[in-house]
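Novice:
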Amino acid sequence: MESPTIVPLIHRLVALGLVERITTASDKRKRLLVVTDKGKALYEQVKTVADDLREEILTAITPQEQEQTQRVLEKLLREVEKK
5 MESPTIVPLI HRLVALGLVE RITTASDKRK RLLVVTDKGK ALYEQVKTVA DDLREEILTA
65 ITPQEQEQTQ RVLEKLLREV EKK
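Everything in the sequence shown is counted per this note's numbering, starting at 5 for the first residue and increasing by one.
1) Does DSSP put Leu81 in a helix, a strand or coil?
2) Look at the alpha carbon of Val11 and the alpha carbon of Asp41, and state the distance between them as a whole number of angstroms.
3) Just list the residues that DSSP pairs Leu37 with in beta bridges.
4) Which complete alpha helix (DSSP H) runs does the stretch 42 to 86 hold, if anything under 4 residues is left out?
5) Can you give the Cα-Cα distance for Lys79 and Gln72, rounded to whole angstroms?
6) Ile65 to Lys86, Cα distance in whole Å?
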């Protein structure tokens, strides 16, 4: 993502209470983003649902097909990262 795209996203995450901006003591111009307890809780909820969904979907293919799919996706990702 480019900066103009990221800034509104950060504002929204802050407004939702999922992250907070922290100014560093060493450099007042720098601001860190820290995940809040609310953000961590949401992450755990989403992770649980995603893990359950992944398990359900992967039952449709054999372990060998899963490995092959993983290799193909990794290869595609490497190609995208080159661009």
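Built from N, CA and C at the ideal position, the CB exists for glycine as well. From a predicted model like this one, the values you see are computed outputs, not experimental measurements.
Specialist: Let me spell this out:
1) Reduced to three states, the DSSP call for Leu81 is helix.
2) Each residue's Cα considered, the two are about 21 Å apart.
3) DSSP, once it has assigned bridges, lists Arg25 as partnering Leu37.
4) Listed in chain order, they are 67 to 86.
5) Taking the straight line joining both Cα atoms gives about 11 Å.
6) About 30 Å.
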